[in-house]
């Protein structure tokens with residue numbers, strides 16, 4: 503917490519990570535193995551690093567100084583920020599303080615302003631993306647697939663978390679979804695979280711947990727089982743159902759998360775580069 507004259511002006515959540523590179527995005531860009539202890543901004547699973555209520559350079563300087571001292575006290579080898587939006591005031595401030603800014607990943611967003619239905623979203627897409635989403639919906643419906651959106655606390659979060667973990671395990675990050683922690687955290691979010699479920703018969707073949715704020719609808723976590731019958735892919739179904747809910751709720755921006763660049767660019771999302779800004783302690 504940063505204070506000026508006793509008044510809180512900024513806050514910086516941080517995490518101490520044993521193995522500071524769980525997604526393999528830092529090794530090769532920095533001189534580290536990835537197994538070091540690091541004190542980093544927020545958590546890796548958040549694509550929107552920032553310093554809430556960042557007011558001026560002196561505020562950032564104070565936050566960085568406190569971060570460095572805490573890293574030293576905790577025995578960390580590296581400290582800094584990950585998933586810093588390229589072109590943001592935070593990135594400019596950090597580079598001004600001597601942090602190198604290195605591109606590590608892209609996040610994806612969709613501007614929903616002017617869209618009043620999922621069909622209007624489809625219509626705005628390039629031909630290949632529009633055809634893909636409509637074709638998948640038609641084939642899935644013919645194959646007995648249904649989807650629903652409901653408050654996450656009312657869903658089977660253990661089932662959804664298991665599917666998310668199984669999907670993430672293909673990329674070596676299945677440990678991001680420990681059952682008790684995942685279900686407890688999502689249930690505690692209340693109305694801020696919704697579940698999108700896609701089923702073929704009674705079997706869950708795709709699911710997502712989405713977070714909402716006043717402006718944005720975040721596709722936060724998802725899992726997909728591609729062992730389906732009927733010549734369709736569950737992921738485009740999940741994506742379309744999620745965008746449909748975001749539009750129905752009147753959100754201005756759909757946050758599509760990171761990765762899966764080819765699909766997201768094909769289906770109308772735009773990319774925003776994310777950087778890491780790290781220094782050795």
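Numbering (the working numbering), first residue to last: 503 to 783.
Glycine is no exception: its CB is placed at the ideal position from the N, C-alpha and C atoms.
Values in this document were obtained by computation on a predicted structure and should not be read as measured data.
With contacts defined as CB atoms closer than 8 Å, residue 759 and residue 708 fail to qualify as a contacting pair. With respect to the C-alpha of residue 777, the residue from 680, 506, 528 having the closest C-alpha is 528. A residue is called buried when at least 16 other Cβ atoms come within 10 angstroms of its Cβ; residue 772 does not meet this threshold and is exposed. Listed in chain order, the non-local C-beta contacts of residue 638 below 7 Å within the same chain comprise 734, 735, 738, 739, local neighbours out to five positions each way being set aside.
Straight-line measurement puts the Cα of residue 725 at about 9 Å from the Cα of residue 711. Counted as a single uninterrupted DSSP element, the stretch harbouring residue 751 is not any alpha helix (DSSP H), since DSSP gives it neither H nor E. Secondary structure note for residue 576: its alpha helix (DSSP H) is the uninterrupted segment 559–576. Residue 693 and residue 752 have their C-alpha atoms spaced approximately 16 Å apart. With a cutoff of 8 Å on beta-carbon distance, residue 544 and residue 515 are scored as near each other. Membership of residue 540 in any alpha helix (DSSP H) is not indicated; the residue belongs instead to the beta strand (DSSP E) covering 539–543. The three-state secondary structure of residue 517, taken from DSSP, is strand. Taken through DSSP and simplified to helix, strand or coil, residue 707 comes out as strand. Annotation: residue 658 is outside any alpha helix (DSSP H) and is labelled neither H nor E by DSSP.
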